[in-house]
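Working notes, structure below.
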Amino acid sequence: MEKRNLGRGLEDISNIFLSTAKKADDKGQMPGKGFSAVKIRDDTCASCIEMIEGSSKEPKCRIFTVEDKKYGVPHLETITMNYANYCGYFTKATQKETSVANDAPAGISGPDVENCEIEEIISIRKKITFQDTEATKEDIKRTLLKYLDEGYNLTVAELTKVEESSEKTNRQSRKEEISLLVEKR
Numbered sequence: 001m002e003k004r005n006l007g008r009g010l011e012d013i014s015n016i017f018l019s020t021a022k023k024a025d026d027k028g029q030m031p032g033k034g035f036s037a038v039k040i041r042d043d044t045c046a047s048c049i050e051m052i053e054g055s056s057k058e059p060k061c062r063i064f065t066v067e068d069k070k071y072g073v074p075h076l077e078t079i080t081m082n083y084a085n086y087c088g089y090f091t092k093a094t095q096k097e098t099s100v101a102n103d104a105p106a107g108i109s110g111p112d113v114e115n116c117e118i119e120e121i122i123s124i125r126k127k128i129t130f131q132d133t134e135a136t137k138e139d140i141k142r143t144l145l146k147y148l149d150e151g152y153n154l155t156v157a158e159l160t161k162v163e164e165s166s167e168k169t170n171r172q173s174r175k176e177e178i179s180l181l182v183e184k185r
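In this text, residue positions in the sequence shown follow the UniProt record's numbering: the first is 1, and each later residue adds one.
Here it is in structure tokens:
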């Protein structure tokens, strides 16, 4: 009588996560490659730069999901956050800068190379709101001058003027909008 296999056994499942596992197939690839048999750290996968979010919002690891063949590790559709405790590919987000220098192609030693150009763009957007009071115009003038004195440049200013007049049978509303744009030459 043939023995039925209803799924993976305990040994098969543990082999996936333990680096001391037996060879699973004739290719010589260990299914547990990438994971340690002992706990390495107390971090979670959330603090690893290899984390990606799948289309179903399930946590995934770039190495074990997208690039599993490149690294020679088993393909895992999703991961549990405590896999980082045993993962050999874990890279903490603060180590990102050093890992980029280590992953550079041969002949490139770092960001201070002559043939390398690095551009870093940081955008900060502030929104300043004023209460509509009698002193609002003066507050806006003071704030505008303060930022201009600090070296900021004026690029766009939008002004709005609304006039309403009402008589017994006729009600008029007039709205004017003016946009001031500063073009760089």
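Ideal placement from N, C-alpha and C gives every residue a C-beta, glycine not left out.
Note that this is a predicted model, so its numbers are computed, not measured.
Check	Outcome
With a threshold of 7 Å (Cβ to nearest heavy atom), would Lys161 be considered close to the ligand ADP?	The ligand ADP is absent from the structure shown, which contains no ligands of any kind.
Below 6 Å CB to CB, which residues in the same chain sit around Asn170 once its five sequence neighbours on both sides are set aside?	none
Would you check if there are 3 or more beta carbon pairs closer than 8 Å linking the segment 44-52 to the segment 74-91?	yes
Count the other CB atoms within 10 Å of the CB of Ala84; is the residue buried (16 or more) or exposed (fewer)?	buried
What are the residues that DSSP puts in a beta bridge with Lys175?	Val162
Mapping DSSP to helix, strand and coil, what is Thr133?	coil
Using the three-state DSSP reduction, which class does Lys141 fall into: helix, strand or coil?	helix
For residue 187, which residues from the same chain have a beta carbon less than 7 Å from its beta carbon, with the 5 sequence-adjacent residues on both sides left out?	Lying outside 1 to 185, the shown extent of the chain, residue 187 is not represented and no answer is given.
Can the beta-carbon of Arg174 be found less than 8 Å from the beta-carbon of Glu163?	yes
For Ile79 and Cys116, which I take to be in contact (beta-carbon distance under 8 Å), what is that distance rounded to the nearest angstrom?	Actually they do not touch by this definition, with Cβ atoms about 34 Å apart.
CB-CB under 8 Å to Ile128, same chain, minus the five flanking residues each way: which ones, in chain order?	Thr143
Mapping the DSSP letters down to three states, classify Val156 as helix, strand or coil.	strand
So the candidates are Thr155, Thr160 and Glu119; which of them puts its Cα closest to the Cα of Lys137?	Thr160
What's the gap between the Cα of Asn82 and the Cα of Lys69?	23 Å
Looking only at its own chain, which residues have a Cβ that is under 6 Å from the Cβ of Tyr71, when we skip the five neighbours before and after it?	Ile63
Classify Lys127 as helix, strand or coil using the three-state DSSP reduction.	coil
Please go through the same chain and pick out, in chain order, the residues whose beta-carbon is closer than 6 Å to the beta-carbon of Ile124, but skip the five residues on each side of it.	none
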